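Since the structure comes first, as structure tokens, the remarks are kept for the end.
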Amino acid sequence: MLPRPIARRVHRIANAALHAGWARVRIAGAIAPGTAAAERFGSFGEGSIMGFPTAVLYGERHIHVGRQTTINTWATLAAGYHPTQPGLPDRVLTIGDRSLIGMRCGIVAHESVTIGDDVWFGQDIYVTDGNHGYTDPTTPPGNQLGAHQPVVIGDGCWIGHGCVILAGTHLGRNVVVAAGSVVRGSFPDHAVIGGVPAKVIRRHEPGVGWVRPDGGGEVVPETPTVDTEKLAVDLARLESMTEEEIAEVTGDGGAPAQ
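FYI, in our numbering the residues of the sequence shown are 1 to 258.
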């Protein structure tokens, strides 16, 4: 048995080596344009990446990933029931540009799942266009395959942690889904939905704000989002201005507006 100071040093070195080695493995195993793994996809856009390790990945030639999209580790992307299933359409699973899929998310598409641009998934989200029946009491439900129903998640949607998106779901643009929701059905643009099953909690009414569907409660006002790119340009311009130029703009003798 090693003396305690030496044992601690050995453990420290081994720990550092293990973490450094695992970091290199994750980098080497990531799927990105130009890698052999990316070439198995129907398309894999410029600037996109899928973290390593994955959970389940098959049917890649029927999966299309847009540009600047990030798919985090331990994700499942599956097209069809098994890797060699014949007769699948070209696009079974499509993920748009600039989207983010969180860790441990599972997207299982049998015929058609479409995820738009600028969509953000939290962690542990499950999406499927498939279903199982239960009406035949002589057959296990797992063997009663139901009809497939396309899933569409519109541009700009935010899906909270732990949601389940079921077959036949159609989310409009910029829909927010509360964490832990079970979603099925169609929902309009600019809605906040949540619950089991998910229902509309608030919807956007132009010129009014965010209202409840029953007309009750307080109206949540519209709040313009800060344009961070414009803010950065304005700050850079401000830093380069002289005191005289600042005084001319602000009209207060040189002190920047508060």
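Backbone N, C-alpha and C define an ideal beta-carbon position, used for all residues, glycine too. All figures in this text were calculated on a predicted structure; none of them were measured in a lab.
Item to check | Sub-8 Å separation of residue 219 and residue 208 beta-carbons | outcome: Looking up residue 219 in the sequence shown gives position 219. Looking up residue 208 in the sequence shown gives position 208. Cβ atoms of residue 219 and residue 208: closer than 8 Å.
Item to check | Rounded straight-line distance, which links the Cα of residue 176 to that of residue 191 | outcome: Within the sequence shown, numbered from 1, the residue matching residue 191 stands at position 191. Within the sequence shown, numbered from 1, the residue matching residue 176 stands at position 176. Answer to the nearest angstrom: the Cα atoms are 6 Å apart.
Checklist entry - Taking all protein chains shown into account, do 16 or more other C-beta atoms lie within 10 angstroms of the C-beta of residue 77, making it buried, or fewer, making it exposed? => result The residue given as residue 77 occupies position 77 in the sequence shown. With 16 or more Cβ atoms within 10 Å of its Cβ, residue 77 is classed as buried.
Item to check | Burial state of residue 98, where buried means 16 or more other Cβ atoms lie within 10 Å | outcome: Residue 98 sits at position 98 when you count from the first residue of the sequence shown. The residue is buried, with at least 16 neighbouring Cβ atoms inside 10 Å.
Checklist entry - So residue 80 packs on residue 88, CB below 8 Å; how close in whole Å? => result Here the question's residue 80 lines up with position 80 in the sequence shown. Here the question's residue 88 lines up with position 88 in the sequence shown. At roughly 5 Å, the Cβ-Cβ gap stays under 8 Å, so residue 80 and residue 88 are in contact.
Checklist entry - residue 115 and residue 94: beta carbons closer than 8 Å? => result By one-based count along the sequence shown, residue 115 stands at place 115. By one-based count along the sequence shown, residue 94 stands at place 94. Yes, they are a contact pair.
Checklist entry - With residue 125 and residue 162 assumed to form a contact (beta carbons below 8 Å), what rounded beta-carbon distance in angstroms separates them? => result Numbered from 1 along the sequence shown, position 125 holds the residue referred to as residue 125. Numbered from 1 along the sequence shown, position 162 holds the residue referred to as residue 162. Indeed, because the Cβ distance is near 7 Å, the residues count as touching under 8 Å.
Item to check | Own chain partners of residue 148 with C-beta closer than 8 Å, once the 5 adjacent residues on each side are dropped | outcome: Locating residue 148 in the sequence shown gives position 148, counting from the first residue. Correct list, in chain order: 110, 111, 112, 129, 130, 131 and 167.
Checklist entry - Beta-carbon separation of residue 18 and residue 10 under 8 Å? => result Sequence index remark: in the sequence shown, residue 18 carries index 18 (1-based). Sequence index remark: in the sequence shown, residue 10 carries index 10 (1-based). The Cβ atoms of residue 18 and residue 10 lie no closer than 8 Å to each other.
Checklist entry - To which residues of the same chain is residue 169 closer than 6 Å at the C-beta, ignoring the five residues directly before and after it? => result For the purposes of this step, residue 169 is taken as residue 169 along the sequence shown, with counting starting at 1. So the qualifying residues of the chain are 151, 183 and 184.
Checklist entry - Which term fits residue 25, buried or exposed, when burial requires 16 or more other beta carbons within 10 angstroms of its beta carbon? => result Taking the first residue of the sequence shown as position 1, residue 25 is located at position 25. It is exposed - the Cβ of residue 25 has fewer than 16 other Cβ atoms within 10 Å.
Checklist entry - Which residues mark the beginning and the end of the beta strand (DSSP E) in which residue 25 is found? => result Walking along the sequence shown from the start, residue 25 turns up at place 25. Premise fails: residue 25 lies in the alpha helix (DSSP H), 4-29, not in any beta strand (DSSP E).
Checklist entry - Are residue 44 and residue 53 closer than 8 Å when you measure CB to CB? => result Residue numbering aside, residue 44 sits at position 44 when the sequence shown is read from its first letter. Residue numbering aside, residue 53 sits at position 53 when the sequence shown is read from its first letter. Going by C-beta atoms, residue 44 is not nearer than 8 Å to residue 53.
Next on the checklist: I need the DSSP call for residue 128, collapsed to helix, strand or coil.
Outcome noted: Here residue 128 refers to the residue found at position 128 of the sequence shown. Strand.
Checklist entry - In this structure, does DSSP put residue 173 in helix, strand or coil? => result Counting from one through the sequence shown, the residue named residue 173 turns up at place 173. DSSP places residue 173 in coil when its eight states are reduced to three.
Checklist entry - Sorted by chain position, which residues of the same chain lie with C-beta nearer than 6 Å to residue 100's C-beta, five sequence neighbours on each side aside? => result For this step, residue 100 is matched to residue 100 along the sequence shown. Answer for residue 100: 70 and 120, listed in chain order.
Next on the checklist: I need the straight-line Cα distance from residue 62 to residue 106, nearest angstrom please.
Outcome noted: Start at 1 with the first residue of the sequence shown, and residue 62 comes out as number 62. Start at 1 with the first residue of the sequence shown, and residue 106 comes out as number 106. Going by the C-alpha atoms only, they are around 16 Å apart.
Checklist entry - Can you name the start and end residues of the beta strand (DSSP E) that residue 200 belongs to? => result In the sequence shown, the residue the question calls residue 200 occupies position 200. From DSSP, the beta strand (DSSP E) with residue 200 extends over 199-205.
Checklist entry - Expressed to the nearest angstrom, what Euclidean distance is found between the alpha-carbon atoms of residue 28 and residue 37? => result The residue labelled residue 28 in the question sits at position 28 within the sequence shown. The residue labelled residue 37 in the question sits at position 37 within the sequence shown. Going from the Cα of residue 28 to the Cα of residue 37 covers about 11 Å.
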